[in-house]
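Enquirer: Structure incoming, see below.
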Amino acid sequence: MSLEEYWKKRKFSTTPEPKGGTNETGGERFVIQKHQATHLHYDFRLEMNGVLKSWAVPKEPPTIPNVRRLAIEVEDHPVEYITFEGRIPEGEYGAGTVEIWDKGVYNLKKREDRVLEFDLEGSILKGGYKLVKFRQNQWLFFKSKN
Ligand code: MN
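Residue 7 is where the sequence shown starts when you use the working numbering, and the numbers rise one by one after that.
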């Protein structure tokens, strides 16, 4: 696990985003941040092994079973990012506004190279969800059961 890519992309003297560091909290929280950047998308993040595993979801995450959403795997983010909301200035990576769309805890059911299965307990997303990798950094994200 490394935050090198996350750090390399950002200028912490300018962006209000946290610099953070890896820490093994063993927590199982998740967050979905609505990110109004060049293109509106939803950043889905799972706290795992001391970082936030992250995917950018171009469309609103589904609340009903079997509606599939593309989820693009992006660089790990520091756990401190889980509470981040604010405005990333023009010229910075990801310039635009970030607001928390949903948050809560998850319960991991299965973890394989290409499949993650978990239950989400959020305010908007609840129930069984899956992430299935089908190409390099591309996954499908969908609700599998209520
Ligand atoms: Mn984003």
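Beta carbons: idealized from backbone N, C-alpha and C, even for Gly. Because the structure is a prediction, the values reported are computed rather than measured.
Go ahead and label residue 90 buried or exposed: buried means 16 or more other beta carbons lie within 10 angstroms of its beta carbon, across all protein chains shown.
Expert: Buried, because 16 or more other Cβ atoms sit within 10 Å of the Cβ of residue 90.
Enquirer: Can you tell me whether residue 37 sits near the ligand MN, meaning its C-beta is under 8 Å from at least one heavy atom of the ligand?
Expert: Residue 37: no, Cβ never under 8 Å from the ligand MN.
Enquirer: Return the CA-CA distance between residue 12 and residue 37, expressed in angstroms with no decimal places.
Expert: Going from the Cα of residue 12 to the Cα of residue 37 covers about 17 Å.
Enquirer: How would you label residue 118, buried or exposed, when you count the other beta carbons within 10 angstroms and need 16 or more for buried?
Expert: Exposed, by the Cβ-count rule.
Enquirer: Any residues whose CB sits closer than 5 Å to a heavy atom of the ligand MN? List them in chain order?
Expert: Going by the Cβ distance cut-off, the answer is 41, 49.
Enquirer: Looking only at its own chain, which residues have a Cβ that is under 8 Å from the Cβ of residue 131, when we skip the five neighbours before and after it?
Expert: Taken in chain order, the residues that qualify are 38, 67, 69, 108, 110, 149.
Enquirer: Once DSSP output is grouped into helix, strand and coil, what is the label at residue 130?
Expert: The answer is coil: DSSP assigns residue 130 none of H, G, I, E or B.
Enquirer: Identify, in the order they occur along the chain, each residue of the same chain with its Cβ nearer than 7 Å to the Cβ of residue 95, setting aside the five sequence neighbours on each side.
Expert: Taken in chain order, the residues that qualify are 20, 21, 101.
Enquirer: Going by beta carbon distance, what residues of the same chain come within less than 8 Å of residue 73, once the five residues before and after it are set aside?
Expert: So the qualifying residues of the chain are 148, 149.
Enquirer: Taking DSSP as the reference, what is the three-state secondary structure of residue 70?
Expert: Coil at residue 70, not helix or strand.
Enquirer: How about residue 76 and residue 64: are their beta carbons less than 9 Å apart?
Expert: Contact: yes.
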